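Q:
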Amino acid sequence: MTERLLTIAHTESSLGWGGQEHRTFKEMVGLAKLGHRMMLVCQPGAKFAARAREAGLEVFEVRMRNGVDLAAVARMASLFRREQVDVVNTHSGRDSILGGLAGRLSGRLVVRTRHLALPLTSRFTYTTLPHHVVSVSEHVRRYLMSEGVPADRVSTIYTGIDPAAMQLDGPSTLRAELDLPADVPLVGTVAILRMKKGHRFIVEAAPRILAACPDTHFVFAGDGPQMENLRAQIAAAGLTARIHLLGLRRDIANVLAACDLFLLPTEQEALGTSYIEAMAMGLPVVGTDVDGVPEVVRQGENGLLIRPGDADSLAEAVIRLLSDDALRLAMGQRSRALVSSVFHVETMCAAMLMLYRRLLAERGAR
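Numbering (the working numbering), first residue to last: 1 to 366.
1) Looking at the structure shown, is E277 part of a helix, part of a strand, or coil, going by DSSP?
2) At 4 residues or longer, and completely inside the region 115-144: list those alpha helix (DSSP H) runs for me, N to C.
3) Any idea what DSSP makes of E269, helix, strand or coil?
4) For H344, does the three-state DSSP call read helix, strand or coil?
5) Alpha carbons only, please: which of D215, L57, H132 is nearest the one belonging to V88?
6) Quick one, which of H244, A270, M331, R320 has its alpha-carbon nearest G282's?
7) Flag this pair as yes or no: are the beta carbons of A221 and V255 separated by less than 7 Å?
8) With a cut-off of 8 Å on the beta carbons, I'd call H244 and H217 a contact; round off their distance for me.
9) Closer than 6 Å by C-beta to S106: which residues in its own chain qualify, once you throw out the five before and the five after it? Chain order, please.
10) Whose C-alpha, out of T189, F25, L180, R249, is nearest the C-alpha of D215?
11) Just reading off the alpha helix (DSSP H) that M28 is part of, what are its end residues?
12) Roughly how many angstroms separate the alpha carbons of A50 and L239, rounded to a whole number?
13) Which partner residues of F220 appear in the DSSP bridge assignment?
14) With respect to the alpha helix (DSSP H) encompassing V68, which residues constitute its N-terminal and C-terminal limits?
15) Do T7 and D86 come within 7 Å of each other at the CB atom, strictly closer than that value?
16) From M352 to G56, what does the alpha carbon distance come to, in whole angstroms?
17) Between the C-alpha atoms of C213 and A235, what's the straight-line distance to the nearest angstrom?
18) Here's the rule I'm using: 16 or more other beta-carbon atoms within 10 Å means buried, otherwise exposed. How should E277 be labelled?
19) Who does V255 pair with in a DSSP beta bridge?
20) Let me know the secondary structure DSSP gives H10 once reduced to three states.
21) Which residue from E204, D169, T127 puts its Cα closest to that of D152?
22) Examine chain B for any beta-carbon lying closer than 7 Å to the beta-carbon of S106, and answer yes or no.
23) Applying the criterion that 16 or more other CB atoms from any shown protein chain within 10 Å of the CB defines a buried residue, is T2 buried or exposed?
24) Classify R37 as helix, strand or coil using the three-state DSSP reduction.
25) Which of helix, strand or coil does DSSP assign to I97?
26) Between the alpha carbons of R142 and A165, how many angstroms are there, rounded?
27) Tell me the DSSP secondary structure of R112 in three-state form.
28) In this structure, how does DSSP classify S155 when only helix, strand and coil are distinguished?
29) Since V140 contacts R175 with CB under 8 Å, what's their CB separation in whole angstroms?
30) My output table needs one value for G287: the three-state DSSP class, helix, strand or coil.
31) C349 bridges to which residues according to DSSP?
32) What number of angstroms, rounded off, separates the C-alpha of V219 from the C-alpha of S146?
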C-alpha cells in the first residue's frame, strides 16, 4: 500500500538566518522533492520567508508578538485545521509556545527540534507541549534527558547537507580574488563572527603557526558583531596581510574549495554544520572538544580536536596538518565518506519522515 503524502508545517519566530533556519530549510526542500506539502509559518519580514519563497515553498506570515500572543495561537490553530496539517514542527522558543499550543488545540502531531547547545529557558516546550523532540546531536539528546525529557520522547537526527550543492563547475576563484599563489597554505573558517565561535583564538595562534609554516594565510568568511573587534585585533598583531576578512559570503563552496583545511575553534556548538560543509569539500577539519563537535570531528579520523579556548592547542593541530600532506589527504577522504554515510541531507530527510510516520501511526493517524 502506498503511504499517503503528508502536510507538514514548520513554525519559526526568528527573523534571522543561521544554522537553525538553514537546517529547517533543507528539511523542507528535501521532503518537498518527495512530494510532501511543506508550509512555513513565520513572522512578517523574516529572512527565512524570502529563502522559502525562492524555493517554491508555501509561506504563511503570522505576527508572534510574545510568548502569550493568544491571537497568534488562534490564527495558527485555524490555519492548521483549514490546511489539514498532519505535523507541526516548531523550532525557536516563541513559536514553540505559540505553534505548540496551536498544534495541540487543533489536534495535530507536535514535534519540536532542538538545535542549540544552550541551557533550557522553558522546559514546558520540551516536556509538555510537543509529542516528541528531535535533537541535532547525541550531546543535545543527553542534555534534554537530564532536564526531564523522557528518553522515548527524544530522538537524534543529525543535520545533513547535499554534497552535490557544494560542488563547483570550475576551480575556485578565491585565491585569484585575494592575489594568493596556488601553493601557499590556506586555512579556512566559515562562521558568524560571534564571541563563542572563537575567531580570536585563531588570531592569537597565528604567529606560532606562521613561525612553523611561514607562507600560511587565513580566511574568515562571515559577518557579525565581532567584525570590528577582530579587525582591530588582527591589525594590532600585524596580521592584516595574512588574515583575510571576507565578510558574508554566499559562495561557501568557492571559499572552501580554495582551502587546505578547515578550522573552527568554537566554544559552544550543538553539532556544527560548517564542519560538515567543509567535510563535503574533502577537507580535514580542526574543531574543539565541546558539546556535539566530537560527533562530527572524529579525532584522528577526519580531523583533530583541540582544547577550547587554547591557542597553543589550536596552533599545534594546524601545524601538524599543514606539515603532513598525506595526513591531510587521508583525513579529507574520510571527511567525504562521513558526509555520504552519516551527514547527508537525504539521510536526514528520510529519518525525519520515518519519525513523523511512526508518531502519526502511534496516534492512530494514517
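Ideal Cβ placement from N, Cα and C applies to all residues, glycine included. None of these values were measured; they are calculated from a predicted model.
A: The short version:
1) helix
2) 124-127
3) coil
4) strand
5) H132
6) M331
7) Yes; because the gap between Cβ atoms is below 7 Å, this pair is in contact.
8) 7 Å
9) A77, F80, R81
10) L180
11) Note, M28: alpha helix (DSSP H), 19-33.
12) 38 Å
13) T189, L245
14) Neither: V68 is in no alpha helix (DSSP H) and is coded neither H nor E.
15) yes
16) 21 Å
17) 20 Å
18) buried
19) DSSP output for V255 lists no bridge partner at all.
20) Three-state DSSP puts H10 in a strand.
21) T127
22) In the structure shown, chain B cannot be found, because there is only a single protein chain.
23) exposed
24) Three-state DSSP puts R37 in a strand.
25) helix
26) 32 Å
27) Under the three-state reduction of DSSP output, R112 falls in the strand class.
28) strand
29) At roughly 37 Å, the Cβ-Cβ gap does not stay under 8 Å, so V140 and R175 are not in contact.
30) strand
31) DSSP output for C349 lists no bridge partner at all.
32) 39 Å
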